[in-house]
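The block underneath contains the structure these notes are about, expressed in structure tokens.
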Amino acid sequence: MYWFCGLGGCTVKSAVTLKKNHEFRLLYRKGASAVAGSMVLYCRKNRLGHNRLGVTVSVKLGGAVVRNRARRRLREVYRLSSPRLSQGWDLILVARGRTLTASWKELNDSFLRLSRKLGLLGDMP
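All the letters of the sequence shown, read from the start, carry residue numbers 18 to 142 under the working numbering.
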């Protein structure tokens, strides 16, 4: 879909990620949110035909290696669940302490539960 796979592995195209500070601030201020033990999900409707993802990890979680691992885990949870999500949303995933220690099943279940709570899941089962 919006993934680019090359020699260095698969990455998300920049067109489907949130990068700018004002985009994050707007989502925090005006978006809806839901909280789980391992992550926080913020969402807001956009006027594009696709979803955009931003991932935030606090310095309090650890050093760069730890923060990057948390980012990779959250991006993978989003990637696996993205076919089930309805399109046209800006999403921010915020890592919490249990993001690093939670099992994949727990992370996926948390993400789907939060998505369902915010009305992001599409018609697919």
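All residues carry an ideal CB built from backbone N, CA and C; glycine is no exception.
In its chain, beyond the 5 residues on either side, Leu124, Asn125, Phe128 have a beta carbon closer than 7 Å to the beta carbon of Val94. Its chain contains Tyr59, Arg61, Asp107, Ile109 as the residues whose beta carbon lies nearer than 7 Å to that of Leu44, once the 5 sequence neighbours on both sides are disregarded; these appear in chain order. In the same chain as Arg88, and ignoring 5 residues on each side of it, the C-beta atoms closer than 6 Å to its own belong to Val72, Val74, in chain order. Ala49 places its beta carbon 7 Å or farther from that of Leu131. The beta-carbon separation of Gly139 and Arg92, rounded to 20 Å, does not stay under the 8 Å limit for a contact.
Ala51 sits in a strand when the DSSP states are folded into three classes. Just measuring C-alpha positions, the residue of Lys36, Gly136, Leu117 sitting nearest Gly80 is Leu117. By the criterion of a C-beta distance shorter than 8 Å, Gly105 is surrounded in its chain by Lys62, Asn63, Arg64, Leu65, Gly66, His67, Asn68, once the five residues flanking it on both sides are discounted. With contacts defined by Cβ atoms closer than 7 Å, Leu78 and Arg86 do not form a contacting pair. Taking all protein chains in view, the Cβ of Arg42 is surrounded by fewer than 16 other Cβ atoms within 10 Å, so the residue is classified as exposed. Around the CB of Arg133, fewer than 16 other CB atoms lie within 10 Å, so the residue is classed as exposed.
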